[in-house]
Amino acid sequence: MSNIKEFVRNLHLYWLRQKVCKKPEPCLLGDTIVIFAPHPDDEIIGCGGLIARLVKENKAPHVIIMTGGEGSHQGCCSTSSDDIVTARRRLTRNAAAIVGLPVENIHELNYPDGSISMDNAETDRLKVLIDELQPDTILVPHWGEGWSDHIQTAEIVKQIAPHSAKLWMYCVWMWYYNVWRGLDWKNAAQLCMTPAEHRTKLAAMDAYIRPLASCGKPWSGVLPKVFVKANKWNRELYFSLK
-4 MSNIKEFVRN LHLYWLRQKV CKKPEPCLLG DTIVIFAPHP DDEIIGCGGL
46 IARLVKENKA PHVIIMTGGE GSHQGCCSTS SDDIVTARRR LTRNAAAIVG
96 LPVENIHELN YPDGSISMDN AETDRLKVLI DELQPDTILV PHWGEGWSDH
146 IQTAEIVKQI APHSAKLWMY CVWMWYYNVW RGLDWKNAAQ LCMTPAEHRT
196 KLAAMDAYIR PLASCGKPWS GVLPKVFVKA NKWNRELYFS LK
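Under my numbering, the first residue of the sequence shown carries the number -4, and numbering increases by one thereafter.
Listed below in structure tokens is the structure:
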């Protein structure tokens, strides 16, 4: 059964890539771009190439990371949640340095990993932060991500974001789930990375997924091979919301 699932996911990935290759580049207007990441690593896995390009264009985005990623070793080992959060936030800074993102552009909230919701007290902090940043362009996870934290992050942001801000969805786990129908291809765009941008993204991804906890598994958790393969492609997929 696992071999069948792997075959279907690879077929899904091939189909998506064929569709992506026909799309234009995303047009990100405005001076203040904010990327919302449910967990430490989503910003690089989904938007690492874009971040590298924006930094090169002197338009370094702000990244708001909703959780500390403490759920990555749930059911795995006795590593404490505090140790996981500390390690994963250290990896965030390592990855940010690789793509050139200033540390002051990283904003870390404390929503519980696995239980992001609007009625958490962190939403008040998030509202204040958005008011301070006044973003022109906002990027949130795609609706087809399959993880509750990713879906809830997008829903919260869509409710409290400035009406004037341009909204885009980016893809992390969407590549992994078999989202065959309902994709808004007419509003899709691809970022085709230059070789230098691609090398930078791969290095930043490795800064997240290679370091190991004391249990011998990555701090970010064990990621499926087809998921890593999809996100190491030299293109990134975005969908315009409005």
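All C-beta atoms in this analysis are idealised placements derived from N, C-alpha and C, irrespective of residue type, glycine included.
**Prompt:** Where does the unbroken alpha helix (DSSP H) through S215 begin, and where does it stop?
**Reply:** The residue labelled residue 215 in the question sits at position 220 within the sequence shown. Premise fails: S215 is in no alpha helix (DSSP H) and is neither H nor E.
**Request:** From the DSSP output, read off the bridge partner residues of W163.
**Result:** As a working note, residue 163 is residue 168 in the sequence shown. W163 pairs with L134 and S235.
**Request:** Keeping to the same chain, check which residues put their C-beta closer than 7 Å to that of G44; ignore five residues upstream and five downstream.
**Result:** What you label residue 44 is simply residue 49 of the sequence shown in a count that begins at 1. The residues are L186, M188, E192, H193, K196 and E231.
**Asked** Taking DSSP as the reference, what is the three-state secondary structure of R176?
**Response** In the sequence shown, counting from the first residue as 1, residue 176 sits at position 181. Note: R176 maps to coil in three-state DSSP.
**Prompt:** Identify the residues that DSSP records as bridge partners of T62: which are they?
**Reply:** Taking the sequence shown and counting its residues from 1, one reaches residue 62 at position 67. T62 is bridged to Y106.
**Asked** Should P19 be labelled buried (16 or more other beta-carbon atoms within 10 Å of its own) or exposed?
**Response** Looking up residue 19 in the sequence shown gives position 24. So P19 counts as exposed.
**Message:** Using 8 Å as the threshold, is the C-beta distance between C166 and G41 below it?
**Reply:** As a first step, residue 166 must be located in the sequence shown, where it is residue number 171. As a first step, residue 41 must be located in the sequence shown, where it is residue number 46. Yes. Within cutoff.
**Item:** Cβ pair L134, W180 closer than 8 Å
**Value:** For the purposes of this step, residue 134 is identified with residue 139 of the sequence shown, where counting begins at 1. For the purposes of this step, residue 180 is identified with residue 185 of the sequence shown, where counting begins at 1. The answer is no: Cβ separation not under 8 Å.
**Prompt:** Between P219, V58, N182 and K227, which lies nearest to R4 when the distance is taken from Cα to Cα?
**Reply:** Against the sequence shown, residue 4 aligns to sequence position 9. Minimum Cα distance to R4 is reached at P219.
**Message:** Given this structure, state the Cα-to-Cα distance separating I(-1) from K122, to the nearest angstrom.
**Reply:** On the sequence shown, position 4 is the one that residue -1 refers to. On the sequence shown, position 127 is the one that residue 122 refers to. Each residue's Cα considered, the two are about 44 Å apart.
**Item:** Distance between D78 and P206 (C-alpha atoms, nearest Å)
**Value:** By one-based count along the sequence shown, residue 206 stands at place 211. By one-based count along the sequence shown, residue 78 stands at place 83. Those two C-alpha atoms are separated by around 14 Å.
**Prompt:** Looking at P136 and D37, is the spacing between their C-beta atoms short of 8 Å?
**Reply:** In the sequence shown, residue 37 corresponds to position 42, counting from 1. In the sequence shown, residue 136 corresponds to position 141, counting from 1. Yes, the pair counts as a contact, with Cβ atoms nearer than the cut-off.
**Asked** Once you ignore the five residues that flank T74 on each side, which residues in its own chain have a CB closer than 7 Å to its CB?
**Response** For this step, residue 74 is matched to residue 79 along the sequence shown. In its chain, beyond the 5 residues on either side, H68, A208, S209 and C210 have a beta carbon closer than 7 Å to the beta carbon of T74.
**Request:** Please classify L4: does DSSP put it in a helix, a strand, or coil?
**Result:** By one-based count along the sequence shown, residue 4 stands at place 9. Checking the sequence shown, residue 4 turns out to be Arg, not Leu. In the structure shown, R4 sits in a helix (DSSP, three-state: H, G or I).
**Message:** Let's see if you can read the secondary structure: which residues bound the beta strand (DSSP E) around Q185?
**Reply:** Translated into the one-based positions of the sequence shown, residue 185 becomes position 190. Run containing Q185: A183 to C187, per the beta strand (DSSP E) assignment.
**Request:** Can you tell me the Cβ-Cβ gap for D144 and P33, rounded? I've got them flagged as a contact below 8 Å.
**Result:** On the sequence shown, residue 144 is found 149 positions in, with the first residue counted as 1. On the sequence shown, residue 33 is found 38 positions in, with the first residue counted as 1. Correct: roughly 4 Å between the Cβ atoms.
**Message:** Given a cut-off of 8 Å on the beta-carbon distance, is the pair I93 and A198 in contact?
**Reply:** Translated into the one-based positions of the sequence shown, residue 93 becomes position 98. Translated into the one-based positions of the sequence shown, residue 198 becomes position 203. Yes. Within cutoff.
**Request:** For I30, name the three-state secondary structure that DSSP assigns.
**Result:** Working through the sequence shown from its first residue, we reach residue 30 at position 35. Strand.
**Asked** Just to confirm, are L104 and I155 a CB contact at a threshold of 8 Å?
**Response** Translated into the one-based positions of the sequence shown, residue 104 becomes position 109. Translated into the one-based positions of the sequence shown, residue 155 becomes position 160. Contact flag unset, no.
**Request:** Go ahead and label W10 buried or exposed: buried means 16 or more other beta carbons lie within 10 angstroms of its beta carbon, across all protein chains shown.
**Result:** Translated into the one-based positions of the sequence shown, residue 10 becomes position 15. Its Cβ having fewer than 16 others within 10 Å, W10 is exposed.
**Prompt:** What do you get for L49, buried or exposed, if any count of 16 or more other CB atoms within 10 angstroms of its CB means buried?
**Reply:** As a working mapping, residue 49 is identified with position 54 in the sequence shown. Label assigned to L49: buried.
**Item:** Same chain, Cβ closer than 8 Å to M113, neighbours up to 5 away in sequence not counted
**Value:** Numbered from 1 along the sequence shown, position 118 holds the residue referred to as residue 113. Within the same chain, M113 has close Cβ partners Q147, E150, I151 and Q154.
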